[in-house]
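Colleague: The structure is given below, and queries will be raised subsequently.
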Amino acid sequence: MIDLDYLEYLEGFLTENRKQRFLEVLKNRTNHFTIAMEDVYQLHNTSAVMRSCEVFGIQELNVVEQKFGKRIDTEIAMGAQKWVDINRYNSMQNCMDSLRDKGYQIIATTPHNDSCYLHEFDITKKSAIFFGTEKQGLSPEVIEQADSCLKIPMVGFTESLNISVSAAIIIQDITTRLRQSELNWELSPEELLEKRLLWAKNSIKDIKRIEERYYAER
Numbered sequence: 003m004i005d006l007d008y009l010e011y012l013e014g015f016l017t018e019n020r021k022q023r024f025l026e027v028l029k030n031r032t033n034h035f036t037i038a039m040e041d042v043y044q045l046h047n048t049s050a051v052m053r054s055c056e057v058f059g060i061q062e063l064n065v066v067e068q069k070f071g072k073r074i075d076t077e078i079a080m081g082a083q084k085w086v087d088i089n090r091y092n093s094m095q096n097c098m099d100s101l102r103d104k105g106y107q108i109i110a111t112t113p114h115n116d117s118c119y120l121h122e123f124d125i126t127k128k129s130a131i132f133f134g135t136e137k138q139g140l141s142p143e144v145i146e147q148a149d150s151c152l153k154i155p156m157v158g159f160t161e162s163l164n165i166s167v168s169a170a171i172i173i174q175d176i177t178t179r180l181r182q183s184e185l186n187w188e189l190s191p192e193e194l195l196e197k198r199l200l201w202a203k204n205s206i207k208d209i210k211r212i213e214e215r216y217y218a219e220r
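For the sequence shown, this note's numbering gives the first residue as 3, with consecutive numbering after it.
Below, the structure written as C-alpha cells:
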C-alpha cells in the first residue's frame, strides 16, 4: 500500500505545474503492452528504445542481459530512465516466464516468417513485444515459444530496419490504436499512485535527506 501521507509530503516539494504534468502524462501511460529486448549489443539502441517507450506511453521495458552487460546511456535516453521502469533478466526464458505470469502473450518481431503485419495486429490482448539483436534478430528460443509473430510491411530492397527504428514504428502504431480503443488500457489507481511516488522521488534533489526528515518527524 502507498503511504498517502508520504506521497503528499514529497509532492509538497514539487511545483504545481510539475504535479499537474505528472498527472497529464500518467493519463496516457499503459502496462497493456510492454517491450522486451534481447541482448542488444549496441547500447545506443537500448537507450533509443527506452526513449520511444517513454514518448509513446509504455511504462515498462524489459532488458535481457544474457551475453552483454549494459548500462543506460543517459545522453541518448535523455532522462527517459527516470520515467520508464526497467526490468532486467539474465536469460530469455526467465523473461518470457515472468511476462507470461503477468498475463502477457509473447510476440516475436521478425520479418522472416509468416508474421502478422503491423496493421493487422490484435491490440486487445496484453502483449509483450520482443525485439532481437541487430545482426541476428531474435533467438529461435523466443520465436519457437512466441504466441504470434509481428512484422512491419516493407516494400524496398532492404529486408530489415534498425532495432530502434522498428521499435519506434511498432510502439507508435499500437499505442495510438490502443488509446483510440475502448479497452481498459490505463494504469490502475494503485499503479498511478506508485508512479506518482516514484516520479516525485526521482524529481527531488537530496531525496535521502528529505526522506530522513520525514521519518524523523513521524
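For each residue, glycine too, the CB sits at the ideal point set by N, CA and C.
#1: Between residue 10 and residue 31, what straight-line distance do the alpha-carbon atoms span, to the nearest angstrom?
#2: So which of 145, 26, 91 and 14 has the shortest CA-CA distance to residue 234?
#3: Residues in its own chain within less than 7 Å of residue 56 by CB, not counting five upstream and five downstream?
#4: Kindly indicate which residue of 156, 183 and 190 has the alpha-carbon position closest to the one of residue 120.
#5: Pop quiz: residue 98 and residue 40 are said to be a contact at Cβ under 8 Å. What is the actual Cβ separation, rounded to whole angstroms?
#6: Quick check: the region 178-198 against the region 140-149, are there 3 or more CB pairs under 8 Å?
#7: Anyone know if the C-beta pair for residue 171 and residue 58 falls short of 8 Å?
#8: Measuring CA to CA, which of 196, 148, 153 and 113 is closest to residue 175?
#9: If you count every other CB in all the chains shown that lies within 10 Å of the CB of residue 198, and 16 or more means buried, which is it?
#10: Roughly how many angstroms separate the alpha carbons of residue 179 and residue 125, rounded to a whole number?
#11: Taking C-alpha atoms, which residue in 37, 18, 50 and 54 lies nearest to residue 63?
#12: Can you say whether residue 3 is buried or exposed, counting buried as having 16 or more other CB atoms within 10 angstroms of its CB?
#13: Short check: CB of residue 109 to CB of residue 150, under 8 Å?
#14: Is there at least one Cβ from chain E nearer than 8 Å to residue 144's Cβ?
#15: Would you kindly work out how many angstroms separate the C-alpha atoms of residue 213 and residue 204, rounded to a whole number?
#16: Return the residue from the list 196, 140 and 132 that minimises the CA-CA distance to residue 35.
#17: At what residues does the alpha helix (DSSP H) containing residue 11 begin and finish?
Modeller: In terms of the structure at hand:
#1: Working through the sequence shown from its first residue, we reach residue 10 at position 8. Working through the sequence shown from its first residue, we reach residue 31 at position 29. Taking the straight line from one Cα to the other gives about 21 Å.
#2: Any property of residue 234 remains undetermined from this structure, which presents the chain solely from 3 to 220.
#3: Position 54 of the sequence shown, counted from the start, is the residue given in the question as residue 56. Once the five neighbours on either side are set aside, the close Cβ partners of residue 56 are 82, 85 and 86.
#4: Taking the sequence shown and counting its residues from 1, one reaches residue 120 at position 118. Among 156, 183 and 190, the Cα nearest to that of residue 120 belongs to 156.
#5: Numbered from its first residue, the sequence shown carries residue 98 at position 96. Numbered from its first residue, the sequence shown carries residue 40 at position 38. The beta carbons of residue 98 and residue 40 sit about 10 Å from each other, so the pair does not count as a contact at 8 Å.
#6: No: fewer than three Cβ pairs fall under 8 Å.
#7: To locate residue 171, count along the sequence shown from 1; it is residue 169. To locate residue 58, count along the sequence shown from 1; it is residue 56. No, these two residues do not count as a Cβ contact at 8 Å.
#8: The sequence position of residue 175 within the sequence shown is 173, counting from 1. Among 196, 148, 153 and 113, the Cα nearest to that of residue 175 belongs to 153.
#9: The residue given as residue 198 occupies position 196 in the sequence shown. With 16 or more other Cβ atoms within 10 Å, it is buried.
#10: To locate residue 179, count along the sequence shown from 1; it is residue 177. To locate residue 125, count along the sequence shown from 1; it is residue 123. Straight-line Cα distance between these residues: approximately 8 Å.
#11: Your numbering for residue 63 matches position 61 in the sequence shown. That would be 37, whose Cα lies nearest to the Cα of residue 63.
#12: Stepping through the sequence shown from its first residue, residue 3 is reached at position 1. It counts as exposed.
#13: If you number the sequence shown from 1, residue 109 lands on position 107. If you number the sequence shown from 1, residue 150 lands on position 148. In this structure, residue 150 lies closer than 8 Å to residue 109 by Cβ.
#14: No chain E is present in this structure, which holds just one protein chain.
#15: Sequence index remark: in the sequence shown, residue 213 carries index 211 (1-based). Sequence index remark: in the sequence shown, residue 204 carries index 202 (1-based). The straight-line gap from Cα to Cα measures roughly 12 Å.
#16: Along the sequence shown, one-based indexing puts residue 35 at 33. The shortest C-alpha separation from residue 35 is found at 132.
#17: Position 9 of the sequence shown, counted from the first residue, corresponds to residue 11. Start and end: 6-13.
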